Structures are given as C-alpha cells and as structure tokens.
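Here the structure is laid out as structure tokens; the discussion comes afterwards.
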Amino acid sequence: MIQLALIMYHVPEDIQVMQDDYFSRFRMRFFINRYTTDWINLEIGIAMGGTISPILFVMAMEVILKAAEDSAGPANLGGGCYMPSLKAFMDDTNIICSKEDETR
1 MIQLALIMYH
11 VPEDIQVMQD
21 DYFSRFRMRF
31 FINRYTTDWI
41 NLEIGIAMGG
51 TISPILFVMA
61 MEVILKAAED
71 SAGPANLGGG
81 CYMPSLKAFM
91 DDTNIICSKE
101 DETR
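Here it is, written out as structure tokens:
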C-alpha cells in the first residue's frame, strides 16, 4: 500500500527506493530474563517514531479512502441535504451512509 501511495503521489523513484531500503532493514529481538531471541525482520507496517512514518501513513490511508469513495455516493440526510460519505482526519475515519448495506 505504501508503494502504491508513493507512486500515486508522484514521489521520485530514487526516494521510493531509499524509503523501501530504510524500512526493509528494520529488525527487533526480545530479551527475557537471561534469554535473548534471534533478530526478527519486521516485514509489515510503518515504524512508530520515525519522522516520515506519519506522512506515509496518511498517504496510504488516502489511497484506501479514495478507493472507498469511488464506490460510496453521498449520504442522503433528508430534506435535500447530502453529505460526503467519508470523513477522515489522520487515523480517525467516519463512514456516513443512508442505508446500512452501503457501509459494506
């Protein structure tokens, strides 16, 4: 999803490669009492605490919202009043529909 977002927002290819290389090197391990696990590669997600992580998250969410928006029309609130079906800010998303089956 992140790669799709980077392409959608015309991020230069060399920046895409740098970002992919950066996140592909994330590893972690656990230390419990006297036992330490082997290193584990983290293959999915966006790292918390990174300066670019919030930007990547918002870009990926925007791809998802754009796809959902294409299949959801405006919500009819009655009296000729219509509202966009998707409202989002960062990781908070509201779906407003006229009928329950439109939320699926």
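In the UniProt record's numbering, the protein residues as written are 1 to 104. Backbone N, C-alpha and C define an ideal beta-carbon position, used for all residues, glycine too. On a predicted model such as this, the values are computed, not experimentally measured, just so you know.
Have a look at G80 and H10 and give me their C-alpha separation to the nearest angstrom. Within the sequence shown, the letter at position 80 stands for residue 80. Within the sequence shown, the letter at position 10 stands for residue 10. Roughly 38 Å separates the two Cα atoms.
Measuring only the C-alpha atoms, how far is M18 from Y82? Reading the sequence shown from its first residue, position 18 is the one you call residue 18. Reading the sequence shown from its first residue, position 82 is the one you call residue 82. If I take the Cα positions, the gap works out to 43 Å.
Just to confirm, is the Cβ distance from E69 to L42 under 8 Å? Within the sequence shown, the letter at position 69 stands for residue 69. Within the sequence shown, the letter at position 42 stands for residue 42. No, the pair does not count as a contact, with Cβ atoms beyond the cut-off.
Looking at A5 and A60, is the spacing between their C-beta atoms short of 8 Å? Translated into the one-based positions of the sequence shown, residue 60 becomes position 60. Translated into the one-based positions of the sequence shown, residue 5 becomes position 5. The answer is yes: Cβ separation under 8 Å.
How many Å lie between M23 and L56 at the Cα? As a working mapping, residue 23 is identified with position 23 in the sequence shown. As a working mapping, residue 56 is identified with position 56 in the sequence shown. Correcting the residue identity first, residue 23 is Phe in this sequence and not Met. Taking the straight line joining both Cα atoms gives about 11 Å.
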